[in-house]
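Start counting the sequence shown at 54; every next residue gets the next number (the working numbering). For glycine and all other residues, C-beta sits at the position ideal for the given N, C-alpha and C.
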Amino acid sequence: MKSDIEIAQSAKMLPIVEIAKSLGLNEDDIELYGKYKCKINLNDLDLNDSKGKLVLVTAINPTPAGEGKSTVTVGLGQAFNKIGKKSIIALREPSLGPVFGIKGGAAGGGYSQVVPMEDINLHFTGDMHAITSANNLLCASIDNHIHQGNELKIDSRRIIFKRVLDMNDRALRQVVVGMGGKINGFLREDGFMITVASEIMAILCMARDLNDLKERMGKILIAYDLSGNPIFAKDLKIEGAMALLMKDAIKPNLVQTLENTPAIIHGGPFANIAHGCNSIIATKTALTLSDITITEAGFGADLGAEKFLDIKCKYGDLNPNCVVIVATIRALKHHGGLGKEQLTIPNIEALSKGIKNLEKQIENIKIYGIPVVVAINKFISDSDEEINFIKEFCKSMDVEVSETEVWEKGGDGGIDLAKKILKVVESTPSSFERIYNENETIKNKILKIAKTIYGADDVKYTSTAIKQILELEKFNLDKLPICIAKTQYSLSDNPMLLGRPEGFDITVKDVRVSNGAGFLVVSTGDIMTMPGLPKNPAANRMDIKDNGEIIGLF
Numbered sequence: 054m055k056s057d058i059e060i061a062q063s064a065k066m067l068p069i070v071e072i073a074k075s076l077g078l079n080e081d082d083i084e085l086y087g088k089y090k091c092k093i094n095l096n097d098l099d100l101n102d103s104k105g106k107l108v109l110v111t112a113i114n115p116t117p118a119g120e121g122k123s124t125v126t127v128g129l130g131q132a133f134n135k136i137g138k139k140s141i142i143a144l145r146e147p148s149l150g151p152v153f154g155i156k157g158g159a160a161g162g163g164y165s166q167v168v169p170m171e172d173i174n175l176h177f178t179g180d181m182h183a184i185t186s187a188n189n190l191l192c193a194s195i196d197n198h199i200h201q202g203n204e205l206k207i208d209s210r211r212i213i214f215k216r217v218l219d220m221n222d223r224a225l226r227q228v229v230v231g232m233g234g235k236i237n238g239f240l241r242e243d244g245f246m247i248t249v250a251s252e253i254m255a256i257l258c259m260a261r262d263l264n265d266l267k268e269r270m271g272k273i274l275i276a277y278d279l280s281g282n283p284i285f286a287k288d289l290k291i292e293g294a295m296a297l298l299m300k301d302a303i304k305p306n307l308v309q310t311l312e313n314t315p316a317i318i319h320g321g322p323f324a325n326i327a328h329g330c331n332s333i334i335a336t337k338t339a340l341t342l343s344d345i346t347i348t349e350a351g352f353g354a355d356l357g358a359e360k361f362l363d364i365k366c367k368y369g370d371l372n373p374n375c376v377v378i379v380a381t382i383r384a385l386k387h388h389g390g391l392g393k394e395q396l397t398i399p400n401i402e403a404l405s406k407g408i409k410n411l412e413k414q415i416e417n418i419k420i421y422g423i424p425v426v427v428a429i430n431k432f433i434s435d436s437d438e439e440i441n442f443i444k445e446f447c448k449s450m451d452v453e454v455s456e457t458e459v460w461e462k463g464g465d466g467g468i469d470l471a472k473k474i475l476k477v478v479e480s481t482p483s484s485f486e487r488i489y490n491e492n493e494t495i496k497n498k499i500l501k502i503a504k505t506i507y508g509a510d511d512v513k514y515t516s517t518a519i520k521q522i523l524e525l526e527k528f529n530l531d532k533l534p535i536c537i538a539k540t541q542y543s544l545s546d547n548p549m550l551l552g553r554p555e556g557f558d559i560t561v562k563d564v565r566v567s568n569g570a571g572f573l574v575v576s577t578g579d580i581m582t583m584p585g586l587p588k589n590p591a592a593n594r595m596d597i598k599d600n601g602e603i604i605g606l607f
């Protein structure tokens with residue numbers, strides 16, 4: 054069997070001009086970045102004229118066994134085209150950190166990939182670099198303002214906006230800047246986050262257009278002054294220059310799948326430390342140009358889907374027509390307590406325990422009033438008895454279920470899933486409603502998410518978090534949606550509690566505002582905003598040959 058990159062390198066791609074033409078776009082509507090990728094100009098598109106149906110792909114809590122959510126998303130888009138529906142896939146952009154860290158490349162898998170895979174994983178159209186530059190321009194302006202006299206009386210002990218780099222580099226989590234004497238500025242503690250955790254990334258994904266992006270950048274809370282009052286990026290008069298750096302990055306990127314289905318890839322915040330969805334602009338562009346848009350949200354439904362529904366849908370005025378929950382039998386058995394070496398052995402007892410995680414994720418989506426379809430991402434080790442067990446379980450929960458083989462068969466392996474989604478969309482209207490009102494108190498909003506989505510008993514707060522909440526309320530920065538940062542591996546904030554844990558509390562350690570993005574970031578557990586490389590990083594297995602061929606990317 055060929056590796057993912059070997060499959061991608063043997064793909065017969067169409068010139069991106071032809072892909073654009075299939076969507077009704079001419080050469081004036083796109084900006085070419087080589088032969089196989091381009092950006093879409095937004096000037097002549099009415100993004101409020103979205104007539105297409107929106108399908109969100111999410112999953113159970115991820116495990117080391119893998120769920121294949123992106124692969125199912127890509128394969129599903131290909132399947133819809135095969136049954137005569139004009140479809141577009143809307144995905145996030147990969148970060149270089151995970152590409153060279155643990156995960157390797159991220160563009161689907163097998164015969165359900167987006168291409169050119171190497172370009173998408175490595176620099177792509179430069180969006181990540183633009184975000185990094187805009188973020189660090191603001192950081193440089195903060196230190197420069199202090200150095201040049203500090204007219205705003207910025208308290209250098211309370212600068213909360215950090216520098217970023219799109220690479221896993223644990224040594225940069227905490228640093229000291231301004232060393233080397235008076236000429237280099239004032240000495241202070243600082244730190245780096247990975248680019249995809251930057252508020253600039255979140256703003257890109259929330260912005261409606263360039264003007265909205267600029268306005269949101271001006272609202273970024275950067276620090277407090279010596280009297281304890283908030284200071285925003287607009288106080289430094291830097292938002293215009295930041296927006297200038299983002300003038301191309303705000304345009305969505307168009308590529309294709311192995312079967313030449315259009316794919317818009319734009320924005321890439323992590324879902325465990327950010328909101329985990331691609332840009333509103335990309336999703337609405339896809340809805341404007343297609344019959345059906347298939348998009349995904351990061352990690353499990355308790356993280357990515359919740360944030361998609363409670364944050365992205367609010368700002369994007371989106372109304373999903375269906376949610377697909379991806380699960381594998383291997384991963385469900387892991388949630389049932391089996392070790393990785395036992396997952397390919399049929400085990401109904403472990404499956405019956407682990408399926409409780411799927412049960413909770415189905416319940417969660419139903420709470421929002423959206424129809425649900427379960428996709429079993431099938432592996433060769435899955436027994437008929439195990440597959441039938443899941444089908445009977447889904448029948449008992451009154452949800453459609455489909456076996457998918459899109460990794461092996463591409464679009465053909467997702468036709469049954471596509472038909473079942475169409476049946477659900479056409480027969481069951483969505484009555485989507487978010488689970489909280491952003492004007493409620495911070496604690497009420499957090500409690501609703503913890504109890505309703507995670508199944509927690511209660512929420513506990515550190516003294517630091519309580520102080521931060523009081524301060525946000527004091528400055529009227531509290532009436533915003535909640536973005537909870539927590540482990541992706543469990544419904545709880547403890548990665549070791551698998552399946553459907555009960556009798557647990559969520560502990561909030563930190564509450565800060567991403568005022569430009571328009572949400573409050575609530576940190577639980579031990580979540581790193583700057584990951585580190587593993588002992589054997591994926592980068593060690595990568596190389597490029599003399600003829601330019603890339604190997605080991607995935």
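L530 and T336 have their alpha carbons spaced roughly 28 Å apart. Every beta strand (DSSP E) of 3 residues or more that sits fully in the segment 483-550 is shown, in chain order, as 511-514 and 535-538. Residue environment for R553: buried (at least 16 other C-beta atoms within 10 angstroms of its C-beta). For V566, the closest C-alpha among the options G121, A132, F214 and E479 is that of F214. Looking at the backbone, the Cα of L175 and that of Y86 are separated by about 14 Å. Listed as beta-bridge partners of I207 by DSSP are D278. With three or more CB-CB distances shorter than 8 Å, the segment 371-384 counts as touching the segment 111-128. For M246, the uninterrupted beta strand (DSSP E) segment begins and ends at F245 to I247.
Taking 3 residues as the minimum length, the beta strand (DSSP E) runs contained wholly in the segment 339-400 are 345-349 and 375-380, in order along the chain.
Cα atoms of K74 and G238: separation of roughly 53 Å, rounded to the nearest angstrom. Look at E171 here: in three-state DSSP terms it is helix.
The alpha-carbon of C330 is positioned some 30 Å away from that of K527. Around the C-beta of E453, 16 or more other C-beta atoms lie within 10 Å, and the residue is accordingly described as buried. Judged by DSSP secondary structure, Q131 falls outside any beta strand (DSSP E) and instead within the alpha helix (DSSP H) spanning K122 to K135. Buried is the label assigned to G464, since at least 16 other Cβ atoms lie within 10 Å of its Cβ. Annotated as proximal: D219 and H182, with beta-carbon spacing under 9 Å. In the DSSP annotation of this structure, the continuous segment of the beta strand (DSSP E) that includes S140 starts and ends at S140 to L144. For a cut-off of 8 Å, the C-beta gap from A354 to V427 is around 11 Å, too long to register as a contact.
Ranked by how close their Cα comes to the Cα of D81, the residues K55, I72 and I93 have I93 in first place.
Judged by DSSP secondary structure, D558 falls within the beta strand (DSSP E) whose first and last residues are D558 to S567. When the beta-carbon positions are compared, I443 and I429 come within less than 9 Å of each other.
The alpha-carbon separation between L109 and M595 amounts to approximately 33 Å. Restricted to the segment 55-87, the beta strand (DSSP E) segments that are unbroken, complete and at least 3 residues in length are 83-85, listed in chain order.
The way I'd put it, the segment 142-151 doesn't touch the segment 410-429; fewer than three beta-carbon pairs between them come closer than 8 Å. Between A403 and G357 a beta carbon distance of about 25 Å is seen, past the 8 Å cut, so the two are scored as non-contacting.
When secondary structure is reduced to three states using DSSP, E242 falls in the strand class. A straight-line Cα-Cα distance of about 25 Å links E439 and V127. In the three-state DSSP reduction, E458 falls in the coil class, being neither helix nor strand. Taking the CA atoms as reference points, N492 sits about 47 Å from D435.
Residue pairing for K92: DSSP places it in a beta bridge opposite E84 and N306.
One thing to note: I141 has its Cβ no nearer than 9 Å to the Cβ of I423. Taking one beta carbon from each stretch, the segment 472-483 and the segment 387-397 have fewer than 3 pairs nearer than 8 Å; the two do not touch. Taking the Cβ atoms as the reference, F177 lies roughly 19 Å from N313, outside the contact range of under 8 Å. Of the candidates I303, R269, T515 and R226, the residue whose Cα lies closest to the Cα of K287 is R269. By the neighbour-count definition (other C-beta atoms within 10 Å, threshold 16), T517 is an exposed residue.
Closest in C-alpha terms to K290, from the list C192, W460 and Y507, comes C192.
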